[in-house]
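2 protein chains.
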Amino acid sequence: MQNVIDFAKGGGLVPVVVQDERSGAVLMLAYMNRESFEHTVATGYATYWSRSRQKLWVKGESSGHRQRVRAIHVDCDGDTVLLRVEQEGGAACHEGYPSCFFRERAGDGWQVVETRVFDPAQVYTK
Amino acid sequence: MQNVIDFAKGGGLVPVVVQDERSGAVLMLAYMNRESFEHTVATGYATYWSRSRQKLWVKGESSGHRQRVRAIHVDCDGDTVLLRVEQEGGAACHEGYPSCFFRERAGDGWQVVETRVFDPAQVYTK
Chain A
425 MQNVIDFAKG
435 GGLVPVVVQD
445 ERSGAVLMLA
455 YMNRESFEHT
465 VATGYATYWS
475 RSRQKLWVKG
485 ESSGHRQRVR
495 AIHVDCDGDT
505 VLLRVEQEGG
515 AACHEGYPSC
525 FFRERAGDGW
535 QVVETRVFDP
545 AQVYTK
Chain B
425 MQNVIDFAKG
435 GGLVPVVVQD
445 ERSGAVLMLA
455 YMNRESFEHT
465 VATGYATYWS
475 RSRQKLWVKG
485 ESSGHRQRVR
495 AIHVDCDGDT
505 VLLRVEQEGG
515 AACHEGYPSC
525 FFRERAGDGW
535 QVVETRVFDP
545 AQVYTK
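As they're listed, the protein sequences go chains A and B.
Using the numbering used here, the first residue of the first sequence is number 425, and each one after it goes up by one.
Using the numbering used here, the first residue of the second sequence is number 425, and each one after it goes up by one.
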């Protein structure tokens with residue numbers, strides 16, 4: 425594993441931009457530490473570091489909406505990763521929208537510009 | 425200005441994913457504080473906070489490669505912004521590539537997968 429990715433700069437974490445390979449839509453931003461990056465490369469499915477839960481987070485382990493990794497890019501200064509993925513189930517956001525960026529600025533406020541693919545209450549049943 | 429964007433979470437800064445409006449390419453990741461966000465909204469051109477220089481950074485002020493803002497999105501938990509922009513000059517990266525993510529993982533290494541639009545030595549002359 426080459427040391428191109430600068431994990432030290434962000435205290436062990438790098439932000440990861442996640443893009444739908446087919447539509448080009450930006451789906452979400454998450455974070456990886458080295459372990460989650462290596463887990464992603466080894467399994468072919470996106471694995472992040474959950475800052476709120478402080479543990480490895482295999483995206484889709486609860487919802488079934490996993491992200492199959494098609495390409496991994498790193499930026500010029502090595503402190504950001506871009507994943508191009510196939511989003512299983514068609515929704516990346518835990519709120520049921522295709523992307524987490526479902527709100528767009530309109531005037532002085534924000535407007536929902538996507539349609540829910542699933543109802544979170546139906547998917548996240550503990 | 426609504427308090428949808430959570431600047432406090434990241435110590436006053438939020439990461440900003442920048443996407444080319446036409447091609448859908450992810451161009452770069454930068455950071456904004458509240459002042460740079462308001463400057464962006466007021467001027468219609470992307471303005472970030474430079475973490476290395478610790479000052480407002482009007483993107484393209486040196487290179488001329490400004491980013492005209494076409495849409496602003498915020499994510500579900502309000503801690504990331506997505507800008508959809510028109511990239512003037514066709515290159516977002518200070519290394520002269522269209523995007524900062526010009527390296528793609530190939531095997532155990534990284535491969536340059538974009539072609540330079542400009543020569544940095546010609547553009548950044550002090």
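Backbone N, C-alpha and C fix where the C-beta goes; we use that ideal spot for every residue, glycine too.
Source: prediction; values computed, not measured.
With the rule of 3 Cβ pairs closer than 8 Å, the segment 517-530 of chain A counts as touching the segment 498-506 of chain B.
Scanning chain B for C-beta atoms nearer than 9 Å to the C-beta of Phe525 of chain A yields Val441, His497, Val498, Asp499, Cys500, Thr504, Val505, Leu506, reported in chain order. Within the segment 427-472 of chain A, the beta strand (DSSP E) runs of at least 3 residues that lie entirely inside it are, in chain order, 438-444, 450-456. With its beta carbon at least 7 Å from every one in chain A, Val493 of chain B lies outside the interface.
Between Val450 of chain B and chain A, the shortest Cβ-Cβ separation is below 7 Å. In its chain, beyond the 5 residues on either side, Leu480 have a beta carbon closer than 7 Å to the beta carbon of Glu459 of chain B. For the segment 508-522 of chain A, the set of residues with a beta-carbon nearer than 8 Å to any beta-carbon of chain B comprises Cys517, His518, Glu519, Tyr521, in chain order. Distance from Arg540 of chain B to Gly520 of chain B at the Cβ level is roughly 4 Å; contact confirmed, criterion being Cβ atoms closer than 8 Å. Chain order gives the chain A residues near Leu453 of chain B as Pro439, Val441, Leu453, Asp499, Asp503, Thr504, Leu506, where near means a beta carbon separation below 9 Å.
DSSP, read as helix, strand or coil, puts Val537 of chain B in coil. Gln478 of chain B and Thr549 of chain A have their alpha carbons spaced roughly 45 Å apart. Linking Phe431 of chain A to His497 of chain B through their CA atoms gives a straight-line distance of about 27 Å. By the Cβ neighbour-count rule, Val441 of chain A is buried, with 16 or more other Cβ atoms within 10 Å of its own. Going by DSSP, Ala495 of chain A is part of the beta strand (DSSP E) stretching over 491-498. Within the same chain, and ignoring the five residues on either side of Leu453 of chain B in sequence, the residues whose Cβ sits closer than 8 Å to its Cβ are Pro439, Val440, Val441, Val442, Cys524.
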